[in-house]
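**Student:** Note that my numbering has the sequence shown beginning at 523, numbered continuously upward. Note that the Cβ used here is the ideal one computed from N, Cα and C, for glycine as well. After the structure tokens below, expect a handful of questions from me.
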Amino acid sequence: MTLSKRLKLSVVISGLLLFLLMGILLYLVGMDVRGYRHSYSYQQAQVTLSRMSGELWQLNRYEDLQALDKARELTQLLDEQIGFLEKDAQYNPLLSHIKKTNHNLKLLMQLYPSAPRENVETAAMLNARFNTLLLTMQDEMGEIRHRLVEEQFYSKQYLLLLIAVILFLSMSAVILFNLKTMSVFKQGMLSLESGIRDLAKGNLETRVCEDSGSEFTELSKHFNWMTQELQQITVSRDKLQDEVNKRTEVLQLQKDKLKYEAEHDSLTRVYSRYAFHRLLEQSLKRLARSNGTGALLFIDIDKFKPINDNYGHSIGDHVLVTVAQRISHTLRESDMVARIGGDEFIVWLEPIEHTLQLEVVIKKLLDKLHLDINFANVHLLIDVSIGAACYPQDGTGIEELINVADRNMYACKRGDRDIKSARQGAENLADEGGV
């Protein structure tokens with residue numbers, strides 16, 4: 523597996539682990555919320571039972587029939603609370619028993635005599651039965667709440683243990699995977715360094731391992747091919763040195779080619795966003811030391827998506843390449859152009875000594891980019907929107923300049939397509955007095 527694939531896989535594994543942990547934590551939060559809601563509901567039911575016990579005590583102590591009426595209302599309230607709690611099927615057996623007991627209690631309340639003093643024995647029996655049923659329901663409700671708390675506790679413990687195990691195993695796997703990746707990289711570097719060191723000492727029989735399975739394989743093949751070619755050469759020392767220099771130059775050209783590919787857009791061959799940022803940062807530091815000025819242009823191709831949709835991506839690619847070539851041919855050697863998005867380009871102009879100089883560049887670009895583009899019997903006339911930002915008037919940092927130029931470009935795109943709209947940043951330069 524190549525190093526790039528290993529790094530991508532490491533990122534994917536880390537992302538999946540993050541999503542898994544977030545899911546478990548969200549589930550834990552949801553479980554807490556549900557547990558609190560259920561616990562509160564059971565607590566309310568216990569409060570109802572306590573109030574009912576108080577009313578029945580009032581009935582037994584003072585023979586207050588109004589307390590009996592209130593107790594009947596509380597049995598109705600308890601039925602409603604039990605009906606809400608029955609949604610949790612885990613505790614349905616106990617809840618069903620409480621509900622049945624509450625129903626029996628209501629029936630017994632209907633048998634309570636309207637004149638307790640005339641039916642003392644009946645009233646006493648019923649009061650005793652009331653207390654028995656209430657104690658039963660309170661015990662069972664307390665048992666349900668205890669089970670709920672116990673279940674929440676063990677569920678949290680299980681989830682926390684699960685998170686700890688996942689973290690330990692996943693982190694261990696990621697660490698081992700990254701250590702293996704580092705080992706592959708280190709082995710490849712050591713192999714190449716050893717081969718180069720032996721070759722520098724004049725050992726033309728040296729070879730490096732080619733089966734590492736990483737990006738070093740191609741370099742190793744070229745190195746071995748070079749040493750094999752050198753070994754077969756039986757010429758004088760001067761010619762041998764020339765051959766070594768030639769092979770070294772091949773390696774350097776390959777290195778330069780890789781560097782060029784990394785710093786340039788694969789389609790348009792202009793600078794990539796990363797390379798442009800790096801070079802622009804150097805330019806800004808240089809201008810800051812010398813009190814110089816520059817300008818950044820943000821160029822966007824208008825209605826580019828319909829070109830792709832109507833004519834195909836090959837036409838769209840040709841349009842991008844043509845636009846990049848026209849921009850490059852219009853600029854000076856000291857200027858830079860980069861493609862930062864699908865149909866977006868950035869241009870850095872340095873030096874810019876006067877506002878009119880920036881206006882001339884923008885006008886040249888507009889004139890050049892508005893020319894017909896012919897490809898595969900398709901004739902296109904494109905429009906572009908250009909926004910400008912000046913250093914240091916509009917900003918001294920890369921992002922500041924890009925944001926100002928981007929805003930000015932969108933102002934141009936909204937309808938103001940003349941040069942004044944495109945060079946709003948240039949006007950700032952004029953207001954400050956120029957250079």
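Write down the C-beta distance between L891 and R848 rounded to the nearest angstrom, noting that I regard them as a contact closer than 8 angstroms.
**Tutor:** With 8 angstroms as the limit, L891 and R848 qualify as a contact, their Cβ atoms being about 6 angstroms apart.
**Student:** In whole angstroms, what is the alpha-carbon distance linking A611 and Q565?
**Tutor:** Because the pLDDT of A611 is 48, which lies under 50, any placement of that residue in the model is unreliable, and the number read from its coordinates should be weighed accordingly. Approximately 18 angstroms, taken between the alpha carbons.
**Student:** Output yes or no for whether 8 angstroms exceeds the beta carbon distance between A810 and A911.
**Tutor:** Their beta carbons are not under 8 angstroms apart, which means A810 does not touch A911 by this criterion.
**Student:** Just list the residues that DSSP pairs Y793 with in beta bridges.
**Tutor:** Looking at the DSSP assignment, Y793 forms a beta bridge with H786 and A860.
**Student:** Scan the segment 610 to 671 and note each continuous beta strand (DSSP E) run of 3 residues or more that stays entirely inside, going in chain order.
**Tutor:** For the segment 610 to 671, not a single whole beta strand (DSSP E) run of length 3 or above is found.
**Student:** Rounded to the nearest angstrom, what separates K530 and V859 at their Cα positions?
**Tutor:** Each residue's alpha carbon lies about 30 angstroms from the other.
**Student:** Going by C-alpha distance, which of I862, I837, E855 and D824 is nearest F798?
**Tutor:** Cα-wise, what sits closest to F798 is I862.
**Student:** Report the residue from S677, H619 and F707 whose alpha carbon sits nearest the alpha carbon of E665.
**Tutor:** Per the Cα distances, H619.
**Student:** The alpha helix (DSSP H) spanning A898 covers which residue range?
**Tutor:** Per DSSP, A898 belongs to no alpha helix (DSSP H) and is neither H nor E.
**Student:** Whole angstroms is fine: what's the gap from L581's alpha carbon to L617's?
**Tutor:** The straight-line gap from Cα to Cα measures roughly 27 angstroms.
**Student:** Consult DSSP for L819 and reduce its assignment to one of helix, strand or coil.
**Tutor:** Reduced to three states, the DSSP call for L819 is strand.
**Student:** Going by DSSP in three states, S943 sits in which element: helix, strand or coil?
**Tutor:** Low confidence applies to S943: its pLDDT is 40, below 50, so where it sits in the model is not reliable enough to give any reading.
**Student:** Below 8 angstroms CB to CB, which residues in the same chain sit around Q568 once its five sequence neighbours on both sides are set aside?
**Tutor:** Only Q660, M663, G664 and R667 meet the Cβ criterion.
**Student:** For the putative contact between K678 and L550, defined by C-beta atoms under 8 angstroms, what is the C-beta separation to the nearest angstrom?
**Tutor:** With a Cβ gap of about 7 angstroms, K678 and L550 count as contacting.
**Student:** For M704, does the count of other Cβ atoms within 10 angstroms reach 16, so buried, or fall short, so exposed?
**Tutor:** Counting Cβ neighbours within 10 Å, M704 comes out exposed, since fewer than 16 surround it.
**Student:** Quick check on DSSP: helix, strand or coil for G909?
**Tutor:** G909 falls in the strand class under three-state DSSP.
**Student:** Answer with buried or exposed for T756, where buried requires no fewer than 16 other C-beta atoms within 10 angstroms of its C-beta.
**Tutor:** In this prediction, T756 has a pLDDT of 47, which is less than 50 and means its spatial position is unreliable; nothing more can be read from the coordinates.
**Student:** Please report how far the alpha carbon of N746 lies from the alpha carbon of L726, in whole angstroms.
**Tutor:** Answer to the nearest angstrom: the Cα atoms are 10 angstroms apart.
**Student:** Is the number of C-beta pairs between the segment 821 to 832 and the segment 764 to 772 that are closer than 8 angstroms three or more?
**Tutor:** No, the segment 821 to 832 is not in contact with the segment 764 to 772.
**Student:** Ordered along the chain, which non-local residues of its own chain (more than five positions away) have a Cβ less than 6 angstroms from that of A589?
**Tutor:** Around A589: E577, Q580 and L581.
**Student:** Let me know if H840 comes out buried or exposed under the rule of 16 or more other beta-carbons within 10 Å of its beta-carbon.
**Tutor:** That one is buried.
**Student:** Within 10 angstroms of the Cβ of S713, are there 16 or more other Cβ atoms? Answer buried if so, exposed if not.
**Tutor:** With 16 or more other Cβ atoms within 10 Å, it is buried.
**Student:** For the alpha helix (DSSP H) containing L607, list its first residue and its last residue.
**Tutor:** That run of the alpha helix (DSSP H) goes L587 to L607.
**Student:** Pick helix, strand or coil for V730, following the three-state DSSP scheme.
**Tutor:** Note: V730 maps to coil in three-state DSSP.
**Student:** What would DSSP say about L902, mapped onto helix, strand or coil?
**Tutor:** Reduced to three states, the DSSP call for L902 is strand.
**Student:** Assuming D857 and V869 form a contact by the criterion Cβ under 8 angstroms, report the distance between their Cβ atoms to the nearest whole angstrom.
**Tutor:** Right, the Cβ-Cβ distance comes to about 6 angstroms (below 8 angstroms), so this counts as a contact.
**Student:** Nearest-angstrom Cα distance between E872 and A933?
**Tutor:** Between E872 and A933, the C-alpha separation is close to 24 angstroms.
**Student:** Span of the beta strand (DSSP E) holding I868?
**Tutor:** Here the beta strand (DSSP E) through I868 covers E866 to L871.
**Student:** Does the Cβ of D787 have 16 or more other Cβ atoms within 10 Å, making it buried, or fewer, making it exposed?
**Tutor:** Looking at its Cβ environment, which holds 16 or more other Cβ atoms inside 10 Å, D787 is buried.
**Student:** Beta-carbon within less than 7 angstroms of T728's beta-carbon, same chain only, minus the 5 sequence neighbours each way: which residues are those?
**Tutor:** Cβ within range, chain order: G717, D720, L721 and T749.
**Student:** Looking only at its own chain, which residues have a Cβ that is under 8 angstroms from the Cβ of H901, when we skip the five neighbours before and after it?
**Tutor:** Result list for H901: D894 and I895, in chain order.
**Student:** Consult DSSP for E855 and reduce its assignment to one of helix, strand or coil.
**Tutor:** Of the three classes helix, strand and coil, the one that applies to E855 here is coil, per DSSP.
**Student:** Let's test the definition: count the other Cβ atoms within 10 Å of the Cβ of F675 and tell me whether it reaches 16, buried, or not, exposed.
**Tutor:** Label assigned to F675: exposed.
**Student:** Over the uninterrupted alpha helix (DSSP H) stretch that includes I884, give me the two end residues.
**Tutor:** It spans T877 to L891 - the alpha helix (DSSP H) in which I884 sits, taken as one unbroken run.
**Student:** Taking S836 as the reference, which of T790, R795 and A646 has the closest Cα?
**Tutor:** Checked all of T790, R795 and A646; the closest Cα to S836 is T790.
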